[in-house]
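Residue numbers 1 to 117, in UniProt numbering, belong to the letters of the sequence shown in order.
A quick write-up on the structure given underneath.
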Amino acid sequence: MPNPQPADADVIRQTAARVAVELHDALRAHGHSVQVVPEPPSYGQPYVTFLSPLREDEARLITAALAAYSGARESGQPCGECRSIKQEWATAQRGGDREGAAALAWSMGLHQRRAHT
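Following this line, the structure appears as structure tokens:
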């Protein structure tokens with residue numbers, strides 16, 4: 001499994017920290033006090049965690065926001081590079097190429113961070 005370069009890992013950690021603050025602030029703006037913390041990077045992706053279970057109203061707020069969110073691609077069509085990486089990953093998986101699949105998962109994480117955030 002490929003390891004991130006120190007600069008990439010730092011960028012991923014900074015992204016996770018920023019996303020945790022943004023999510024916390026967005027929930028707070030709606031009157032909710034939910035603790036969100038950054039997690040260590042995994043496969044080139046930033047992660048955040050809720051420190052406690054969400055109440056129903058908090059979960060419904062997030063669900064409604066996601067349902068209303070159209071994303072960056074107004075056309076609704078998937079990104080061509082995402083589609084290509086997914087196809088290559090699936091081929092590697094079917095062929096039993098675990099190292100190749102792991103490298104492609106890492107590539108997808110880097111691509112998504114660079115192109116879609």
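Cβ atoms here follow ideal geometry from the backbone N, Cα and C, with glycine treated the same way.
In the three-state scheme derived from DSSP, where H, G and I count as helix and E and B as strand, S42 is classed as strand.
The shortest C-alpha to C-alpha distance from R18 to any of R113, L27, A68, P38 is the one to P38. When the five nearest sequence neighbours on each side are left out, the beta carbons in the same chain lying within less than 6 Å of the beta carbon of W89 are those of A101, L104, in order along the chain. Looking only at Q87, R94, G95, the smallest Cα-Cα distance to S107 is reached by Q87. In the DSSP secondary-structure assignment, T49 is bridged to V37. L54 sits in coil when the DSSP states are folded into three classes, being neither helix nor strand. Close CB contacts of H32 within its chain, under the 6 Å cut and outside five residues either way in sequence, are with E58 (chain order).
Around the Cβ of P41, a 10 Å sphere holds 16 or more other Cβ atoms; the residue is buried.
DSSP places T15 in the helix class (H, G or I) of the three-state scheme. Annotated three-state conformation of D10 is helix, per DSSP.
Cβ atoms of G44 and R94 stay farther apart than 8 Å, at about 22 Å.
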